[in-house]
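Novice: Taken in sequence, the protein lines are chains A and B.
So that you can map any letter, position 250 of the first sequence is 244 in my numbering, and since no number is skipped, the others follow by simple counting.
Every number in my numbering is 959 more than the matching position in the second sequence, counting from 1.
Think of the CB as a built atom: it goes at the ideal place given N, C-alpha and C, for glycine as much as any other residue.
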Amino acid sequence: MADTAITVEGAEKRYGDKKALAGLDLRVARGTVHGVLGPNGAGKTTLVRILSTLLRPDAGRIEVAGHDVVREAYAVRLRIGLLGQHAALDEELGGRQNLELFGRLHHLGARRARARAGELLERFDLADTGRKAVRQYSGGMRRRLDLAASLITEPEVLFLDEPTTGLDPRGRAEVWDSVRSLVGGGTTVLLTTQYLEEADQLADCISVVDAGRVIAEGTVDELKAQTGGDRIDVVLRDAGQLGDAVALLPLAGVSVDTHRRLLSAPVTDRMEALSGVVRALQQAGIEAEDVALRRPTLDEVFLHLTGDDRRVREAA
Amino acid sequence: MTAHALTDSWTMTRRELARWGRQPVQLVVNLVFPVMLLLMFGYLVGGGRGVGGAYRDYLIPGMLALTMAFGLEGTMIAVTRDLDKGVVDRFRSMPMANGAVLVGRSAADMLQSVMALVVLIGVGAALGWRTHGTAAAFLGAVGLLLLFRFAMLWIGIHLALVAGKPEMVQAVQILVWPVGFLSNALALPDSMPGWLGTVVEWNPMSHTATAVRDLFGSPGAESGHVWAAIVWPLALLAVFFPLAVRRFGRLSR
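#1: Mind checking if residue 280 of chain A is an interface residue toward chain B, Cβ cutoff 8 Å exclusive?
#2: Step through the CB atoms of chain B and report whether any lies within less than 8 Å of the CB of residue 156 of chain A.
#3: Give a yes or no on whether the minimum CB-CB distance between residue 130 of chain A and chain B is below 8 Å.
#4: List, from N- to C-terminal side, the alpha helix (DSSP H) runs of 4 residues or more that fit wholly inside the segment 198 to 244 of chain A.
#5: Is the CB of residue 1166 of chain B under 8 Å away from at least one CB in chain A?
#6: Could you pull the start and end residues of the beta strand (DSSP E) that residue 1 of chain A belongs to?
#7: For chain A, is any of its Cβ atoms less than 8 Å away from the one on residue 960 of chain B?
#8: Please report the residue range of the beta strand (DSSP E) in which residue 28 of chain A lies.
#9: Any idea what DSSP makes of residue 13 of chain A, helix, strand or coil?
#10: Against chain B, with Cβ distances strictly below 8 Å, would residue 136 of chain A count as a contact?
#11: Which residue comes first and which comes last in the alpha helix (DSSP H) that contains residue 290 of chain A?
#12: Taking 8 Å as the threshold (C-beta atoms), are residue 1170 of chain B and residue 1185 of chain B in contact?
#13: Anything in chain C within Cβ reach of residue 0 of chain A, meaning under 8 Å, just list it in chain order.
#14: Could you list which residues in chain B have their beta carbon closer than 8 Å to that of residue 86 of chain A, in chain order?
#15: Hey, would you say residue 4 of chain A sits closer than 8 Å to residue 36 of chain A, going by beta carbons?
#16: In whole angstroms, what separates the C-alpha of residue 1093 of chain B from that of residue 1175 of chain B?
#17: Could you tell me whether any Cβ in chain B is nearer than 8 Å to the Cβ of residue 5 of chain A?
#18: Counting only beta-carbon separations shorter than 8 Å, does residue 189 of chain A have a partner in chain B?
#19: Assuming the contact rule is C-beta atoms closer than 8 Å, residue 22 of chain A and residue 184 of chain A should be a hit. Round their C-beta distance to whole Å, please.
#20: Rounding to the nearest angstrom, what Cα-Cα distance links residue 260 of chain A and residue 154 of chain A in this structure?
#21: Under 7 Å, CB to CB, which of the residues in the segment 21 to 54 of chain A have a partner in chain B?
#22: Can you pull out the residues from the segment 1041 to 1055 of chain B whose beta carbon lies closer than 9 Å to at least one beta carbon of chain A?
#23: Residues of chain B with CB closer than 9 Å to the CB of residue 100 of chain A, please, in chain order.
#24: What are the partner residues of residue 62 of chain A, as DSSP defines its beta bridges?
#25: Have a look at residue 289 of chain A and residue 238 of chain A and give me their C-alpha separation to the nearest angstrom.
#26: Take the Cβ of residue 44 of chain A as the centre, count every other Cβ of all protein chains shown within 10 Å, and call the residue buried at 16 or more, exposed below.
#27: Residues of chain A with CB closer than 8 Å to the CB of residue 974 of chain B, please, in chain order.
#28: To test your reading of the DSSP string, which unbroken beta strand (DSSP E) runs of 3 or more residues are found completely within the segment 119 to 167 of chain A?
#29: Out of A/8, A/31, A/49, state which residue places its alpha-carbon closest to the alpha-carbon of residue 1210 of chain B.
#30: On the three-state DSSP scale, how would you describe residue 261 of chain A?
#31: In three-state terms, what does DSSP make of residue 248 of chain A?
#32: For residue 1069 of chain B versus residue 1029 of chain B, is the C-beta distance shorter than 8 Å?
#33: Going by the beta-carbon positions, is the gap between residue 1117 of chain B and residue 1206 of chain B smaller than 8 Å?
#34: Whose Cβ in chain A lies nearer than 7 Å to the Cβ of residue 943 of chain B?
#35: Would you kindly report the start and end of the unbroken alpha helix (DSSP H) that includes residue 74 of chain A?
#36: The beta strand (DSSP E) spanning residue 184 of chain A covers which residue range?
Right, dumping it as structure tokens:
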């Protein structure tokens, strides 16, 4: 199937007693950015390591760029780029030396490896620092160089495993910009992240992973719709009245944030919910600072899907 | 895939050479350290328990063998560092010959060992030491030393792959020292308590040191150890080379 860049069917991987992947299925269309979203230990890194031929699956059919990751590992390696969780660079060498090294190992030949290193340094805004040892790079620069190293041969499929973990906001923005600029070129990107905002910002389609399985899949909008669509937020003037308001308002599944004097609930009919809430508050004489309808955040979607809804409510 | 084995191995070797260029001080320190030991044992601690004749003739071959043994640490540190930094993951996810990572490591380490031998023998010569044997025997001795180093190298790669983390290297480092000194590098086993002397005589490194003394024609050198100095490293290689290669392959488990 030419329009599918990644196919995963029933992938399993266990470490001792622990199942890292428990029958994971995934299909990524060519030329798209696919987000794999999940908490620590959900199996995201195991998935990326299997897709990038670093790890053998125990079971399942897994193809990347039309080749089986176990039987045709070499063919897969010709077509992928990998940005792992930790910078995969030689810290003692300079940025340019690193890129030339990886270019040579991709068998570009000395001259093309050198030219390619120059291009990539330019493109990732590292041309001035190409001679400096990577050890002296900032986190954001290191990540950009790492990304450049995974793009030496313009891979068909690029894996980004938590590309911005540990970066400050500026570094994160830099990496996001770089990733966005790639997408235009037709590369398929599989991105794992714990940050919902990151998936929201970069991904066309998202798979939510928990305990080694995909528990939900779709576009950002589809996922948001799955958790009951819109929500209503009510901010009270007096936090002491939150309890009364929950009892009295015509809403179900209310979550409360005492600190922000906020209560929030999913709604089905937007206008009916809004007028119902306003009327009920007025009748009870409870003063509201703000009443607003909104789309759910990806956080709410995620917590809903992983069944950790109650944790939010308890924390509130 | 195998068509690239040579080029990739050479590229990986050059990577190590480039690192030396980046950190010349580190390289010099590595080369000077054995010289320091030589001077310390030759002049500071002095003597050489139970050694007749010029201690220099006894000590220099011993120090050469000891330097080869300590090379194991350098190999381990380099391998664990690469594993820890994730750069090995990048190599493994690339369409390069699988073995090149290890071949490059071996080539660079062997090259550094040759340099260490040159420096140490050079310093020995400056102190007035000369080989008493033929040129061919001298080269044979250097060959035995490098063969021993090659065995240490693959033990080092295997231990590094088993240990995994740089922190674990320290534990091994502490073990390397007694093993290195529990040899006849610095003193004759006859001068030691009986059981210790036996352990020391069994140490593969002792055979190498004795064979080198023999080939250098050091006065009073025991003969007949050349075969042991060939067979022991080969036996170690027969065990640790396949173990290390298998362990490297198992990174994908």
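Specialist: So, from the listed chains and residues:
#1: Along the first sequence, one-based indexing puts residue 280 of chain A at 286. No, residue 280 of chain A lies away from the interface with chain B (no Cβ there is under 8 Å from its Cβ).
#2: Here residue 156 of chain A corresponds to residue number 162 of the first sequence, with the count starting at 1. Residue 156 of chain A does not count as touching chain B.
#3: Locating residue 130 of chain A in the first sequence gives position 136, counting from the first residue. Taking 8 Å as the threshold, the shortest C-beta distance from residue 130 of chain A to chain B does not fall below it.
#4: 214 to 220, 236 to 242
#5: Against the second sequence, residue 1166 of chain B aligns to sequence position 207. With its beta carbon at least 8 Å from every one in chain A, residue 1166 of chain B lies outside the interface.
#6: Taking the first sequence and counting its residues from 1, the one referred to as residue 1 of chain A is at position 7. From DSSP, the beta strand (DSSP E) with residue 1 of chain A extends over -2 to 9.
#7: Your numbering for residue 960 of chain B matches position 1 in the second sequence. Bear in mind that a pLDDT of 49 at residue 960 of chain B, under 50, signals an unreliable position, so the number given afterwards is only what the model happens to contain. Chain A contact via Cβ: present.
#8: Looking up residue 28 of chain A in the first sequence gives position 34. Residues 27 to 31.
#9: On the first sequence, residue 13 of chain A is found 19 positions in, with the first residue counted as 1. Reduced to three states, the DSSP call for residue 13 of chain A is strand.
#10: Taking the first residue of the first sequence as position 1, residue 136 of chain A is located at position 142. For residue 136 of chain A, the answer is no, since every Cβ of chain B falls outside 8 Å of its Cβ.
#11: Reading the first sequence from its first residue, position 296 is the one you call residue 290 of chain A. For residue 290 of chain A, there is no enclosing alpha helix (DSSP H), since its DSSP letter is neither H nor E.
#12: Your numbering for residue 1185 of chain B matches position 226 in the second sequence. Your numbering for residue 1170 of chain B matches position 211 in the second sequence. Inclusion of residue 1185 of chain B and residue 1170 of chain B in the CB contact set at 8 Å is warranted, their separation being smaller than that value.
#13: Among the chains of the structure shown, chain C does not appear; the protein chains present are A and B.
#14: Reading the first sequence from its first residue, position 92 is the one you call residue 86 of chain A. Result: 978, 981, 982.
#15: Translated into positions along the first sequence, residue 4 of chain A becomes position 10. Translated into positions along the first sequence, residue 36 of chain A becomes position 42. No, the Cβ-Cβ distance between residue 4 of chain A and residue 36 of chain A is not below 8 Å.
#16: For the purposes of this step, residue 1093 of chain B is identified with residue 134 of the second sequence, where counting begins at 1. For the purposes of this step, residue 1175 of chain B is identified with residue 216 of the second sequence, where counting begins at 1. If I take the Cα positions, the gap works out to 8 Å.
#17: Indexing the first sequence from 1 puts residue 5 of chain A at position 11. Output row for residue 5 of chain A: interface = no.
#18: Locating residue 189 of chain A in the first sequence gives position 195, where the first residue counts as 1. By this cut-off, residue 189 of chain A is not an interface position.
#19: Along the first sequence, one-based indexing puts residue 22 of chain A at 28. Along the first sequence, one-based indexing puts residue 184 of chain A at 190. So it is a contact: roughly 6 Å between Cβ atoms.
#20: On the first sequence, residue 260 of chain A is found 266 positions in, with the first residue counted as 1. On the first sequence, residue 154 of chain A is found 160 positions in, with the first residue counted as 1. Approximately 33 Å, taken between the alpha carbons.
#21: 46, 47, 48, 49, 50
#22: 1041, 1043, 1044, 1045, 1046, 1047, 1048, 1049, 1050, 1051, 1052, 1053, 1054, 1055
#23: Within the first sequence, the letter at position 106 stands for residue 100 of chain A. The contacting residues are 1053, 1054, 1055.
#24: If you number the first sequence from 1, residue 62 of chain A lands on position 68. The partner list for residue 62 of chain A (beta bridge, DSSP) reads A/57.
#25: Position 295 of the first sequence, counting from 1, holds the residue named residue 289 of chain A. Position 244 of the first sequence, counting from 1, holds the residue named residue 238 of chain A. Rounded to whole angstroms, residue 289 of chain A and residue 238 of chain A show a C-alpha spacing of 25 Å.
#26: Within the first sequence, numbered from 1, the residue matching residue 44 of chain A stands at position 50. Looking at its Cβ environment, which holds 16 or more other Cβ atoms inside 10 Å, residue 44 of chain A is buried.
#27: Looking up residue 974 of chain B in the second sequence gives position 15. By Cβ distance, chain A contributes 84, 87, 95.
#28: 151 to 155
#29: The sequence position of residue 1210 of chain B within the second sequence is 251, counting from 1. It is A/49 whose Cα lies nearest to the Cα of residue 1210 of chain B.
#30: For this step, residue 261 of chain A is matched to residue 267 along the first sequence. Looking at residue 261 of chain A - three-state DSSP - the assignment turns out to be coil, as it is neither helix nor strand.
#31: Along the first sequence, one-based indexing puts residue 248 of chain A at 254. It is coil, neither helix nor strand.
#32: In the second sequence, residue 1069 of chain B corresponds to position 110, counting from 1. In the second sequence, residue 1029 of chain B corresponds to position 70, counting from 1. Not in contact: residue 1069 of chain B and residue 1029 of chain B (Cβ atoms no closer than 8 Å).
#33: Position 158 of the second sequence, counted from the start, is the residue given in the question as residue 1117 of chain B. Position 247 of the second sequence, counted from the start, is the residue given in the question as residue 1206 of chain B. The answer is yes: Cβ separation under 8 Å.
#34: Since the first residue of chain B shown is 960 and the last is 1212, residue 943 of chain B is not available in this structure.
#35: Counting from one through the first sequence, the residue named residue 74 of chain A turns up at place 80. No alpha helix (DSSP H) holds residue 74 of chain A; the beta strand (DSSP E) holding it covers 74 to 77.
#36: As a first step, residue 184 of chain A must be located in the first sequence, where it is residue number 190. Element bounds for residue 184 of chain A: 182 to 187.
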